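K.L.:
Sequential numbering of the sequence shown, starting at 6, is according to the working numbering. For every residue, glycine included, the Cβ atom is placed at its ideal position computed from N, Cα and C. Fair warning: this is a prediction, and the values are worked out from it, not measured in the lab.
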Amino acid sequence: MSPGRSSGQYSDQNWLRSFMFTLFGTSVLVVSYFPLFYTHLGFTSPQIGILYSIGPLISILSNLFWSMVSDRLGTIKKIMAILLAGQLVTALILARATDFGVVMLILSLFYFFYYPLFPLADTMAIKIAQRHGRNFITIRVFGSLGYSFFALTIGYVLRALGPSSSIAVCIVIVIIALLITVGLKDVRRTGENMQHAAVPAAEPARAGGLKQILLQKEVLWFFGSVFVLAIGYRMNEAFLTLSLKAMNAGDEIIGWSLLASALSEIPVFFALSKYGDRFKELPLLAFASLMFAARFLFMALANEPVVVVAIQAMHSVSFGIYYVTAVRYITRIIPDHLRATGMAIFTVVWSSAAGLLSGTFGGLIYEDAGRTVFYVVAMSFSLLAFAGFFAKHLADTGFGFGRYWRRKDY
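1) Output the distance between the C-alpha atoms of Tyr161 and Ile236, rounded to the nearest integer angstrom.
2) Compare the C-alpha of Thr402 against each of Leu277, Val35 and Pro288 and name the closest.
3) Taking the alpha-carbon of Asp104 as reference, which of Leu268, Tyr120 and Tyr43 has the nearest alpha-carbon?
4) Along the alpha helix (DSSP H) that carries Leu46, what are the first and last residues, could you check?
5) Measuring CA to CA, which of Gly367, Tyr152, Val107 and Met384 is closest to Leu306?
6) Identify which residue in Leu112, Val33, Leu89 and Ile335 has its Cα closest to the Cα of Gly260.
7) Could you tell me the distance, in whole angstroms, from the CA atom of Ala392 to the CA atom of Val382?
8) So for Leu234, helix, strand or coil by DSSP?
9) Where do the N-terminal and C-terminal ends of the alpha helix (DSSP H) with Met25 fall, by residue?
10) According to DSSP, simplified to helix, strand and coil, what is Ala100?
11) Should Tyr120 go down as buried or exposed, given a rule of 16 or more other Cβ atoms within 10 Å for buried?
12) Within 10 angstroms of its Cβ, does Thr330 collect 16 or more other Cβ (buried), or is it exposed?
13) Would you kindly report the start and end of the unbroken alpha helix (DSSP H) that includes Pro310?
14) Quick one, are the C-beta atoms of Ser149 and Ile316 less than 7 angstroms apart?
15) Among Leu234, Pro340, Asn308 and Leu263, which one has its Cα closest to the Cα of Val35?
16) Which residue comes first and which comes last in the alpha helix (DSSP H) that contains Leu189?
17) For Thr27, which of Gly60, Leu89 and Arg77 has the nearest alpha-carbon?
18) From the DSSP output, in three-state form, read off Asn253 for me.
19) With burial defined as no fewer than 16 other Cβ atoms inside 10 Å of the residue's Cβ, what is the status of Glu309: buried or exposed?
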């Protein structure tokens, strides 16, 4: 460090890293441990599927609303503090709710404050990284590390306290995150910055821009394949913990399974950010879809919790490859001036629409046909996505196998 630089020059990065680390603890709870809390309340698999589906539905509206508020007020820090305060209040109320209808109502309010936090935090990370001439990954990776840490520790905590304490643990994490916001340095949120976000918010789209994007056959084919792949992925996300519980796995085993997936994606993210552009996107997306299919096939055959933990490490070659490549592909097929709108559509397709369908649809399959058939269906969606991506690649190369590598001098 040069004499002219103070030791506190990068404190805004460190505060944000701490915030990202803590924030992803709530993601662990909402995605993986809330379903166990619903089971503790006596809800059925279809009911749990409905509760899971509420989140993606609410996120379409909440991302748009809080995105507009953030742009209007020119602040991210204050909006994130408001969102965390809203989470805290709704979580306190949720902790005392037991009736399904009441839980569904309160959970809808909780999701309204929960989902927009992640794209806002990513936007702040991008802006602060640019401010210091750093790579966005150097900040965002702390979210993955936080997810890994909380995935493991929460499992042991709930093993000792019981699944009824899930909401209480969530309240503690939200309070810590809220306190950390005091040290954050605010940045202005703009649509220009959002085009680089890893998890972009649903930006308000101009009707002309939206039409211009959706009239492209290449874009429609891509989003169609993404939607099909996302259904299987979201089915697994919603019912992984219930599947482990059906194998008599303890909460700590669930934590290890989440840890395996979270840690496995980190080296893939770094590797693809450095070497991924040597390969064409569609073959990589097709390969990732095949890895999803293999992952779900293994889940259908698995009968031991420790096997599931090992299968979760395939998150690296499935989601890790898919996500980085999909974002890169969008930046190539959608013009710069429509990039934010295109990324918003991608978010809705991958997270919101697919999550809404997979929760209700998957819950019925899991209840009526069992875990094995459930994962075979998820595998079938992944194979269909593989066919979509690979068929488009063959069409682009004249229905010959062509090259999978880009022509580039290194």
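P.N.:
Result, derived from the coordinates:
1) 30 angstroms
2) Pro288
3) Tyr43
4) First-last for Leu46: undefined, no H or E at that position.
5) Met384
6) Val33
7) 15 angstroms
8) helix
9) Ser16 to Val33
10) coil
11) buried
12) buried
13) Pro310 to Gln317
14) no
15) Leu263
16) Counting along the chain, Leu189 falls outside any alpha helix (DSSP H), and DSSP gives it neither H nor E.
17) Leu89
18) coil
19) exposed
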